[in-house]
Amino acid sequence: MVKSDLALWKLVGSIVAGDLAGVSRLLAESPQLANASFQTGASRQAAKTFFLDPIGRYVYAGNTALHIAAAAYQTDIVRKLIAAGADVRARNRHGAEPLHSAAVGAPGSTWWNPSAQSATIACLVQAGADPNVVDKIGVTPLHRAVRTRCAAAVQTLLECGADPGRKNKSGSTPMLLATVNSGRGGTGSPAAKSQQQEILRLFQQRA
133 MVKSDLALWK LVGSIVAGDL AGVSRLLAES PQLANASFQT GASRQAAKTF FLDPIGRYVY
193 AGNTALHIAA AAYQTDIVRK LIAAGADVRA RNRHGAEPLH SAAVGAPGST WWNPSAQSAT
253 IACLVQAGAD PNVVDKIGVT PLHRAVRTRC AAAVQTLLEC GADPGRKNKS GSTPMLLATV
313 NSGRGGTGSP AAKSQQQEIL RLFQQRA
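Here our numbering is used: the first residue of the sequence shown is 133, the next is one more, and so on.
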């Protein structure tokens, strides 16, 4: 962890805690934090240090506070950051934008909140996020929502214009990922399987 990231880590602590007042205070004290990005982050060599246990997510180099607020489904904080000038199109080292972060979930986990996740996705798109944005391996937010079995997020992304037929660099579409074992931890759970059936239903309705 580098010294330049310390203030941003403090802001992230308030975000993960859902402390809107704390976020507002830190932004008032240091407005540049709205668009600051992490200089270091999780890697194969150093992962544990950058894991945010309350939301089950890692911090990667290039992540901004908006990436973390989106991942935590903290819609009010997302709005606050955007109002403070946060860039909804900011990319981390993987080329992922905040909308990618919002699209990931873990059905059955203590931190997953599908209604808050959907609200966060809608908020980001309304603020200018592209529902069909791709990261460095061609993955869209819809790919992520399908792969992690988040049906409400899938529905919201589809309503926002996400393309279920778009291929990633491996050639997989979200529709294909809905039909196969995703390989993600927890996606074989009863909760995830129920979500998978709902996702399949959503795609069938659009066929």
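Beta carbons are placed, not taken as given, at the ideal position from N, Cα and C, and that holds for glycine.
Quantities reported herein were computed from a predicted structural model and do not represent experimental measurements.
8 Å CB neighbourhood of residue i in its chain, flanking five on each side removed
i, result
"Gln327", "Pro239, Arg281, Cys282, Ala283"
"Arg221", "Glu229, Gly260, Ala261, Asp262, Val265"
"Ser250", "Ala284, Ala285, Gln287, Thr288"
"Leu159", "Leu143, Leu165, Ala166, Lys212, Leu213, Ala216"
Anticipated Cβ contact below 8 Å, residue i with residue j, distance rounded
i, j, result
"Ala228", "Asp262", "Contact flag wrong, Cβ pair sits at about 12 Å."
"Trp243", "Pro163", "29 Å between Cβ atoms; not a contact."
"Ala201", "Ile253", "With 8 Å as the limit, Ala201 and Ile253 do not qualify as a contact, their Cβ atoms being about 12 Å apart."
"Ala168", "Leu138", "That pair is no contact at about 11 Å."
"Arg176", "Val236", "Not confirmed; about 19 Å, so no contact."
Residue i vs residue j beta-carbon contact at 8 Å
i, j, result
"Arg333", "Leu290", "no"
"Ala218", "Ala197", "yes"
"Ala234", "Ala193", "no"
"Ile331", "Val278", "yes"
"Gly320", "Asn300", "no"
"Gly150", "Gln206", "yes"
"Ala294", "Leu274", "yes"
"Asn245", "Asn224", "no"
DSSP-derived helix/strand/coil call for residue i
i, result
"Phe170", "coil"
"Arg189", "strand"
"Thr207", "helix"
"Thr252", "helix"
"Thr196", "strand"
Nonlocal neighbours in the same chain, by C-beta distance under 7 Å from residue i, ignoring five residues either side
i, result
"Ala310", "Val278, Gln328, Ile331, Leu332, Phe335"
"Ala323", "Pro239, Gly240"
"Ser156", "Lys212"
"His226", "Tyr192, Asp267, Lys268"
"Thr305", "Pro296, Gly297, Arg298, Lys299"
"Cys255", "Thr207, Val210, Arg211"
"Ala248", "Tyr205, Thr207"
"Ala179", "Tyr190"
Cβ shell of residue i (< 6 Å), same chain only, five flanking positions each side left out
i, result
"Tyr190", "Ala174, Phe182, Phe183"
"Cys292", "Val257, Pro263"
"Ser136", "Gln171"
"Leu231", "Leu256, Ala261, Pro273"
Length at least 4, wholly inside the segment 299-332: the alpha helix (DSSP H) runs in chain order: Taking only runs of at least 4 residues, the alpha helix (DSSP H) segments lying wholly in the segment 299-332 are 306-309.
Unbroken stretches of the beta strand (DSSP E), 3 residues or longer, contained in the segment 228-294: You should have found no qualifying run.
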